[in-house]
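Notes to accompany the following structure.
Chains as they are written, first to last, in our numbering: chain A, 1 to 338; chain B, 339 to 770; chain C, 771 to 1175.
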């Protein structure tokens, strides 16, 4: 009995007990901040800097959504989640949006009842080995010791790949990227496997990056994207079209530099519709006309966000590859704003 | 008669003792090389020390304290010392605040520091029994003060919660005068619950709109680092004490049903690892609460840690109860005291006093266990090491962070365990 | 505190439920029971509605589905085609393995450290104090991670064994390889007739036990002390070796060999197991050392002096007089240390050791999204484990307890 008293007491203390209602948008607007689930730390995608400000590729998505909805890109509460806690956190309403390089799969979409609002990074599982091992293809890895980051789809892909190629391996499951990196560098495993972006990011920070090589095989499709709960279509639409706005902005040449100028009106109707000088796309979403303009203003368009966090100018130096605009031969493609 | 004397008249001066029986040599013979096996052990010990020192000393000696990233550290090392093992403690200098306070706003650091200092004021009457008893009033207020200082916001929230205890107390007193002890306990708890459920919220809301006294609010998401460990540990142990007392009494009760519930609860909690309880907090608690309830994760962790500590606390207090001589119970009965009066005036004061070392040890254990929250994504010191290593600047750094975090924990736990030993000594003489 | 009431003749009325001590306890218990049931029902109902709202159900059917992931250390047959249930068993066995090994090593370390801490060798006593305080006051998780990292960085890679002039060499005549992926030791191979060798060996163990009893009885009766150690040693080795050679050496050894990326053959003790084992043992050993020290200090000094007066050497004083008595004080806290070690083995995930928490509570939970079922099942398993351990140790405790007649 005493127990419930304490729970009651703490609840009443109003620390953060709230009641989630059907409309996530209203909840977010009432709270004045967006609760966004990110990783506890992944190079280039999400990590806190020395001042406690989160930064990274996934973080930028959160900030863009917060800017679109609340008008302030800093009005985000970042909730660090692990591979294990992320889905529960989203399902229980602890977070409003999960942007944690999560692979879009059938079972997560259908069985776990989440809505993936799009893909912000097309990835695939790859392998990294030491150059002096003399391995040039993943098919030569029979009998190798493989470091895997657990809690992801990685271990299943790996099991499938080795099985279908009739090879054996020794899995070494590791909880975090940092630990796996240390194991790999010390030679406790021959191969390190995770998403190719993660491998490239990890390799970039090595003392002797040239001594390591990424194998050409990509053994899985890993479309990574932000996701929300099933059942709130308006909120899903907001998240989806915020991401699309960033992508479209790059496609039609809206950047953070020329944003203000273009927002005054241009002779390109799509830019006008996107930035709210023509039509009422924002109103249809339940937002105001300038929502997309604010979203782009935070970190620039998709290309700018990419370049600032993981692009070739950063230590991580990921080439655009699949993640180039469709006009450049990539897969990044937004439905039209019409 | 000759004046030759055959007996020596003056004493010879004392001879110096053999070289092997004085000073350092004697000490070494007695303490290090008293037998063959002892000599072997000593040599092994010396080798172990040499081995560790030869690896650690250069690493610390060449340590670098000022750099912006790991690669910068490496450059500095190359330039200054060449290829030697070298610690890069620059990461600590840069992230020092973050490791201690998490993401707490910098200009508000004084609040957790003040709360930490006040903690000792609140503990003082427990630690030193020659202080005025009135200081316990501050100890009772402290938990609410702590919540207010850490989370901030309006002062009326914690006040309204605290008022619940006052309401319950008065209800118990009024009912007790009229209808007896049982009605008092039941009525008191009921009144308090009614207050918290229905009245506390609106009253606090109303008061804060009329009289907006408050400080800047900080959300739980900003808590982290060593501060988070301390908060979870201290609130966990403080809240678990009353529950632990009730559980210990329940376990000794001769009411069969109450006894079985208490035994079942204690054995269940002690039988499962803390990490499963933390996962329950993060994954399952939302299932058990009414649909739509959404607790803050830090609060959920505190609840589970409290339940966890309560079971261990119950066992410590049970030990204290068992150590009391039977005569104390009988004397209380003989005086005609009823159960609660006897507990309050005679049994508990003595039993708790005996249990203090055990309580401190439970606290040390709990405090160390708070690092497990890293598994559910909270950024305690260990979780922050992961987050720090995920930045491009510090990717690949390892030992420096571990050494620092381990050192922090060692300082706290070691001083507490010394205190508990001192207490044991003191209490032992009391009871002989 | 029952008060004998002599008002038996009084007719029953409702207020007696509260004021009459004969009925009061029933009233309170009924009240508590109703309250308990209400809380329970409330929790179950909440869970039911929450599951319904999420469109989930509560069933353990997922345990039968294909697991699809690989586990490196498995004591029973397991492939990624096996079911989640089997993966759970593999994990459970791994937990039991590390807990069992850990309890043994922790006891050894604890007793040695506890005794040495009281040694009159100043240096050793101080070193043991540093060990005990260092391990007791730093979180276990840090120690596990640190020891694993030491293993990884200090030991040679398998590649270092390659080449004509390798950087690292196998030990004990090319039979043991210590690498940073684990230690490889020769594995026995069982040929025809090896069964007999094993049976003879087991029989000689029985023989040793019988002989020991007989020798003790004889010593009690006649006072004559036989050289039991040498005779036992003889019984231990001779018959089995004899049969071994008569049958033409049926039991062989399979030596580890560097093939491809790794060593193959022999028994591979992975570093995840070794590091976890060592960390758990050192950590728990520090606590046991304190218990042992406390137990020894609890024995009165007169016992030591009496043993010295009898002319016993200090080693024998310890093993024959002090420790047997101290054991009674040591065992009850030892039980809880064993329980702690078993529960702490759930931190295995920090080194990637695939225990119950990493299989059922880790990958299975992640892949199926059945957190409620998986966590409940895991709690029940740990609970049963704990109860079994404490039950077994309590039986042992009551057998060594001072019998009061």
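Where a beta carbon is used, it is the ideal one built from N, C-alpha and C, also for glycine.
- Below the 7 Å Cβ cutoff, chain C contributes 891 and 894 as neighbours of residue 379 (chain B), in chain order.
- Excluding five sequence positions before and after residue 96 (chain A), the CB atoms of its chain that fall closer than 8 Å to its own CB belong to 24, 27, 28, 34, 35, 36, 228 and 235, given in chain order.
- Under the three-pair Cβ rule at 8 Å, the stretch 565-579 of chain B counts as touching the stretch 628-648 of chain B.
- Flagged as an interface residue toward chain A: residue 621 (chain B), by a C-beta distance shorter than 7 Å.
- Your pair residue 316 (chain A) and residue 43 (chain A) checks out as a contact, with CB atoms roughly 7 Å apart and the cut at 8 Å.
- For residue 736 (chain B), the residues of chain C that pass the 7 Å Cβ criterion are 919, in the order they occur in the chain.
- Annotation: the continuous beta strand (DSSP E) that includes residue 173 (chain A) extends over 169-174.
- At a cut-off of 7 Å, the C-beta of residue 441 (chain B) has a neighbouring C-beta in chain A.
- Straight across, the Cα-Cα distance linking residue 669 (chain B) with residue 689 (chain B) is about 15 Å.
- Under the three-state reduction of DSSP output, residue 113 (chain A) falls in the coil class, being neither helix nor strand.
- Fully enclosed beta strand (DSSP E) runs of no fewer than 3 residues occupy 1021-1024, 1027-1029, 1032-1034 and 1037-1040 of the stretch 1000-1054 of chain C, in order along the chain.
- Distance from the CA of residue 565 (chain B) to the CA of residue 680 (chain B), rounded to the nearest whole angstrom, comes to 39 Å.
- Closest in C-alpha terms to residue 1151 (chain C), from the list B:377, B:605, B:610 and B:535, comes B:610.
- Setting aside the 5 residues that flank it on each side, residue 1096 (chain C) is surrounded in the same chain by 1062, 1065, 1066, 1068 and 1069, each with a C-beta closer than 8 Å to its C-beta; the list follows chain order.
- In the structure shown, residue 414 (chain B) adopts helical secondary structure according to DSSP, grouped into three states.
- Between the stretch 1124-1143 of chain C and the stretch 877-895 of chain C there are fewer than three C-beta pairs closer than 8 Å, too few to call the two in contact.
- Under the DSSP definition of a beta bridge, residue 214 (chain A) partners with A:128.
- A distance below 6 Å between beta-carbons, with the five flanking residues on each side excluded, links residue 649 (chain B) to the following residues of its chain, in chain order: 604, 607 and 608.
- For residue 190 (chain A), the nearest beta carbon of chain C is closer than 7 Å to its own beta carbon.
- Taking 8 Å as the cut-off between beta carbons, the residues of the stretch 601-620 of chain B near chain C are 605, 606, 608, 609, 610, 611, 612, 613, 614, 617 and 618, in sequence order.
- The count of Cβ pairs closer than 8 Å, one atom from the stretch 941-956 of chain C and one from the stretch 192-212 of chain A, stays below three, leaving the stretches out of contact.
- Given a length threshold of 4 residues, each whole run of the alpha helix (DSSP H) inside the stretch 249-302 of chain A is given here in chain order: 259-263, 269-275, 281-285 and 291-299.
- A:152 is the residue among A:152, A:135 and A:75 whose C-alpha sits nearest the C-alpha of residue 87 (chain A).
- Against chain A, a Cβ distance below 7 Å from residue 432 (chain B) picks out 50.
- Close partners of residue 383 (chain B) in chain C (Cβ separation under 9 Å): 891, 893, 894, 896 and 897.
- Residue 496 (chain B) counts as buried, since no fewer than 16 other beta carbons sit within 10 angstroms of its beta carbon.
- The beta-bridge partner set that DSSP reports for residue 235 (chain A) is empty.
- Counting only residues of its own chain and dropping the five nearest sequence neighbours on each side, residue 155 (chain A) has a CB closer than 8 Å to the CB of 148, 171 and 173.
- Looking at the DSSP output, residue 946 (chain C) sits in a beta bridge with C:941.
- Where residue 396 (chain B) is concerned, the enclosing alpha helix (DSSP H) starts and stops at 374-399.
- Looking from the CA of residue 829 (chain C), the closest CA among C:813, C:818 and C:837 belongs to C:818.
- Near chain B, meaning a CB-to-CB distance below 8 Å, the residues of the stretch 56-79 of chain A are 77, 78 and 79.
- Just so you know, the alpha carbons of residue 307 (chain A) and residue 314 (chain A) end up roughly 7 Å apart.
- Classified as exposed, residue 445 (chain B) has fewer than 16 neighbouring CB atoms from the shown chains inside 10 Å of its CB.
- Taking 8 Å as the upper bound on Cβ-Cβ separation, chain A lies near residues 527, 530, 531, 534, 535, 538 and 539 of the stretch 509-541 of chain B.
- The criterion of a C-beta distance shorter than 7 Å is satisfied by residue 220 (chain A) and residue 125 (chain A).
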